[in-house]
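A.B. asks: The structure's right below; bear with me while I get my questions together.
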Amino acid sequence: MTAADILGNPDYLAISYGGYRAKTRDVQPTIPQLKEDMKILAAMGVKILRTYNVQLKQASNLLKAISELKSESSDFEMYVMLGAWIDCKNAWTDLVPNHEVESDQNAEEIDRAVALAKQYPDIVKIIAVGNEAMVTWATSYFVRPNVILKWVKYLQDLKKHGELPQDLWITSSDDFSSWGGGDPSYHTEDLNELIRAVDYISMHTYPMHNSHYNPAFWQVPEAEYQLSDLEKIESAMQRALVFSQEQFDGVANYMRSLGINKPVHIGETGWATLSNEHYGADGSKAADEYKSGRYFQLMREWTNKEHISCFYFEAFDEQWKDAANPLGSENHFGLINLKGEAKYAIWDLVEKGVFKDLTRDGNPITKTYKGDEEDLIDGVHVPPQKERILNY
Numbered sequence: 312m313t314a315a316d317i318l319g320n321p322d323y324l325a326i327s328y329g330g331y332r333a334k335t336r337d338v339q340p341t342i343p344q345l346k347e348d349m350k351i352l353a354a355m356g357v358k359i360l361r362t363y364n365v366q367l368k369q370a371s372n373l374l375k376a377i378s379e380l381k382s383e384s385s386d387f388e389m390y391v392m393l394g395a396w397i398d399c400k401n402a403w404t405d406l407v408p409n410h411e412v413e414s415d416q417n418a419e420e421i422d423r424a425v426a427l428a429k430q431y432p433d434i435v436k437i438i439a440v441g442n443e444a445m446v447t448w449a450t451s452y453f454v455r456p457n458v459i460l461k462w463v464k465y466l467q468d469l470k471k472h473g474e475l476p477q478d479l480w481i482t483s484s485d486d487f488s489s490w491g492g493g494d495p496s497y498h499t500e501d502l503n504e505l506i507r508a509v510d511y512i513s514m515h516t517y518p519m520h521n522s523h524y525n526p527a528f529w530q531v532p533e534a535e536y537q538l539s540d541l542e543k544i545e546s547a548m549q550r551a552l553v554f555s556q557e558q559f560d561g562v563a564n565y566m567r568s569l570g571i572n573k574p575v576h577i578g579e580t581g582w583a584t585l586s587n588e589h590y591g592a593d594g595s596k597a598a599d600e601y602k603s604g605r606y607f608q609l610m611r612e613w614t615n616k617e618h619i620s621c622f623y624f625e626a627f628d629e630q631w632k633d634a635a636n637p638l639g640s641e642n643h644f645g646l647i648n649l650k651g652e653a654k655y656a657i658w659d660l661v662e663k664g665v666f667k668d669l670t671r672d673g674n675p676i677t678k679t680y681k682g683d684e685e686d687l688i689d690g691v692h693v694p695p696q697k698e699r700i701l702n703y
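Positions in the sequence shown are counted from 1; adding 311 to them yields our numbering.
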């Protein structure tokens, strides 16, 4: 199977994966833990994983774990979109980031990704150069498109000279705007050349974040004031779906305006189930399990129907992302929490028995809220209303 075979194939569901259990990535998941996770994801119908860097051991250990599972069972099938993290000079230091110059570490990161792609050609089907590395709101580390272009061209040259598999696909995974689907300031010749150089576009879309930053689509319009709470919520989730569809279309339309026609897939999207920040009860009221579940269901239905791969963010909760704030949204994007409980989005899989005999860190996969939907909905908040426009 090649990237061309599996991307856009609804029989090969995609997901973003991190297996970290602890509050720090200094505690790396073990091979047995990674294998445990792979069995859970395989039971969910997931066959393509997205990782984010090869600086830490998780990615290489993950490939080893998958390889061992394939050796143990000829039926086991899992492929990887291997991320190579890209930074600017002085990223993540006390110095001022220099967005015009790339980090010296980028070359080593690309070398590690190449080595793993060569070692596991049956598993690594895609290399993604950078994660949200071009979008300017990534103020700690973003680079200019020419840096991503440089490394994409380098990898394509390795393919051309037989040093990497010909059918390995190269992309970059970035915000919809970075791919030309939004702010025209991103419409540069370097971006246009990058679109020509990649094998496909991997774009990100996050209506949940925009429920705070660009809330017009999210707020309940006056025409819906009379609806029930659940009807208002459902209408908001349908608008969230349209929001993502429009961002996807924006990227595809910009690409086509250049006379280019390549696949476009969703490299990342998701919806947090808890937040004490912008998205919680005191903010946009977006983050909860019910809305997250509906978004997951709506996105899977749409992308499967349209043969778009959707690397849903993410498989499991990870508490290192906002270790100082346990209730922060970044810790709560998983479909399964740290207690091994399946969230509302995949309660149906628990009911179907797909997790029978599977455990995570000794916990069987059960439903959150003990499967009580009324209890779950009891804590769900209706999105804020749009203010009435008064005409005097």
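For every residue, glycine included, the Cβ atom is placed at its ideal position computed from N, Cα and C.
Answer yes or no: do Y511 and H576 have a C-beta to C-beta separation smaller than 8 angstroms?
C.D. replies: Taking the sequence shown and counting its residues from 1, the one referred to as residue 511 is at position 200. Taking the sequence shown and counting its residues from 1, the one referred to as residue 576 is at position 265. Closer than 8 angstroms, so yes.
A.B. asks: Start and end of the beta strand (DSSP E) containing T482?
C.D. replies: In the sequence shown, counting from the first residue as 1, residue 482 sits at position 171. Where T482 is concerned, the enclosing beta strand (DSSP E) stretches over W480 to D486.
A.B. asks: Would you tell me roughly how many angstroms separate the C-alpha atoms of N320 and P408, rounded to the nearest one?
C.D. replies: Numbered from its first residue, the sequence shown carries residue 320 at position 9. Numbered from its first residue, the sequence shown carries residue 408 at position 97. Their Cα atoms are separated by approximately 40 angstroms.
A.B. asks: Rounded to whole angstroms, what is the Cα-Cα separation between E625 and S555?
C.D. replies: Looking up residue 625 in the sequence shown gives position 314. Looking up residue 555 in the sequence shown gives position 244. Distance between the alpha carbons of E625 and S555 is about 17 angstroms.
A.B. asks: Comparing C-alpha positions only, which one of Y331, L360 and Q344 sits nearest to K620?
C.D. replies: Taking the first residue of the sequence shown as 1, we reach residue 620 at position 309. Looking at the sequence itself, residue 620 is Ser, so the reference to Lys does not match. Nearest C-alpha to S620: L360.
A.B. asks: Using only CA atoms, which one of L393, V440 and W582 lies nearest to M610?
C.D. replies: Numbered from its first residue, the sequence shown carries residue 610 at position 299. Considering only alpha carbons, the answer is W582.
A.B. asks: Return the chain-ordered list of same chain residues with a C-beta closer than 6 angstroms to the C-beta of V531, the five sequence neighbours on each side being excluded.
C.D. replies: By one-based count along the sequence shown, residue 531 stands at place 220. Hits under 6 angstroms: K543, P694 and Q696.
A.B. asks: Please report the distance separating the alpha-carbon of D540 from that of G645.
C.D. replies: If you number the sequence shown from 1, residue 540 lands on position 229. If you number the sequence shown from 1, residue 645 lands on position 334. If you take the alpha carbons of D540 and G645, they lie about 25 angstroms apart.
A.B. asks: Can the beta-carbon of I317 be found closer than 8 angstroms to that of Y390?
C.D. replies: Residue numbering aside, residue 317 sits at position 6 when the sequence shown is read from its first letter. Residue numbering aside, residue 390 sits at position 79 when the sequence shown is read from its first letter. In this structure, Y390 lies closer than 8 angstroms to I317 by Cβ.
A.B. asks: Helix, strand or coil for I577? Go by DSSP, reduced to three states.
C.D. replies: Position 266 of the sequence shown, counted from the start, is the residue given in the question as residue 577. Reduced to three states, the DSSP call for I577 is strand.
A.B. asks: Please go through the same chain and pick out, in chain order, the residues whose beta-carbon is closer than 6 angstroms to the beta-carbon of P476, but skip the five residues on each side of it.
C.D. replies: As a position in the sequence shown, residue 476 is number 165, starting the count at 1. If we look at P476 and ignore the five residues flanking it on each side, its Cβ neighbours are P432.
A.B. asks: Hey, quick one: how far does the beta strand (DSSP E) through F559 stretch, first residue to last?
C.D. replies: In the sequence shown, the residue the question calls residue 559 occupies position 248. Careful: F559 lies outside any beta strand (DSSP E), inside the alpha helix (DSSP H) at D540 to S568.
A.B. asks: Count the C-beta pairs between the segment 481-490 and the segment 504-522 that are closer than 8 angstroms, then say yes if the count reaches three, no if not.
C.D. replies: The answer is yes - the segment 504-522 touches the segment 481-490, with three or more Cβ pairs under 8 angstroms.
A.B. asks: Grab the span of the beta strand (DSSP E) containing H515 for me, first residue to last.
C.D. replies: The residue labelled residue 515 in the question sits at position 204 within the sequence shown. That run of the beta strand (DSSP E) goes I512 to H515.
A.B. asks: For Q692, which of A547, Q366, L669 and E612 has the nearest alpha-carbon?
C.D. replies: The residue given as residue 692 occupies position 381 in the sequence shown. Note that residue 692 is His in the sequence shown, not Gln. Checked all of A547, Q366, L669 and E612; the closest Cα to H692 is A547.
A.B. asks: Please state the DSSP three-state secondary structure of V391.
C.D. replies: Numbered from its first residue, the sequence shown carries residue 391 at position 80. The answer is strand: DSSP assigns V391 an E or B state.
A.B. asks: For a test of the three-state rule: what should DSSP assign to E413, helix, strand or coil?
C.D. replies: By 1-based counting over the sequence shown, the position of residue 413 is 102. Strand.
A.B. asks: Output needed for F665: all residues of its chain with C-beta closer than 6 angstroms, excluding positions within five of it in sequence on either side, in chain order.
C.D. replies: One-based indexing of the sequence shown puts residue 665 at position 354. Checking the sequence, you will find Val at residue 665 rather than Phe. Only A354 meet the Cβ criterion.
A.B. asks: Identify the continuous alpha helix (DSSP H) that holds G604 and give its terminal residues.
C.D. replies: The sequence position of residue 604 within the sequence shown is 293, counting from 1. Where G604 is concerned, the enclosing alpha helix (DSSP H) stretches over E600 to K616.
A.B. asks: Within 10 angstroms of its Cβ, does G673 collect 16 or more other Cβ (buried), or is it exposed?
C.D. replies: Working through the sequence shown from its first residue, we reach residue 673 at position 362. Exposed, since its Cβ has fewer than 16 Cβ neighbours within 10 Å.
A.B. asks: Under three-state DSSP, which class holds R332?
C.D. replies: Within the sequence shown, residue 332 is the residue found at index 21, counting from 1. In the three-state DSSP reduction, R332 falls in the coil class, being neither helix nor strand.
A.B. asks: Taking Cβ to Cβ, would you say Y328 is nearer than 8 angstroms to W631?
C.D. replies: Within the sequence shown, numbered from 1, the residue matching residue 328 stands at position 17. Within the sequence shown, numbered from 1, the residue matching residue 631 stands at position 320. Using a Cβ distance threshold of 8 angstroms, Y328 and W631 do not count as a contacting pair.
A.B. asks: Ignoring anything shorter than 4 residues or poking outside the segment 318-373, list the alpha helix (DSSP H) runs there in chain order.
C.D. replies: 342-354
A.B. asks: Can you list, in chain order, the residues of its chain with a C-beta nearer than 7 angstroms to that of G682? Leave out the 5 residues immediately preceding and following it.
C.D. replies: The residue given as residue 682 occupies position 371 in the sequence shown. Contacts found: W658.
A.B. asks: Does DSSP classify N572 as helix, strand or coil?
C.D. replies: By one-based count along the sequence shown, residue 572 stands at place 261. The answer is coil: DSSP assigns N572 none of H, G, I, E or B.
A.B. asks: At which residue ranges does the segment 631-672 contain complete alpha helix (DSSP H) runs of 4 or more residues, listed in the order of the chain?
C.D. replies: 658-662
A.B. asks: Out of curiosity, what's the CA-to-CA distance linking A653 and K368?
C.D. replies: Taking the first residue of the sequence shown as position 1, residue 653 is located at position 342. Taking the first residue of the sequence shown as position 1, residue 368 is located at position 57. Approximately 27 angstroms between the Cα atoms of the pair.
A.B. asks: Helix, strand or coil for N702, going by three-state DSSP, please let me know.
C.D. replies: Position 391 of the sequence shown, counted from the start, is the residue given in the question as residue 702. Interpretation of N702 is limited by its pLDDT of 47, a score under 50 that renders its predicted location unreliable; no figure is taken from the coordinates.
A.B. asks: When the distance is taken between beta carbons, is A376 closer than 8 angstroms to L345?
C.D. replies: To locate residue 345, count along the sequence shown from 1; it is residue 34. To locate residue 376, count along the sequence shown from 1; it is residue 65. Their beta carbons are under 8 angstroms apart, which means L345 touches A376 by this criterion.
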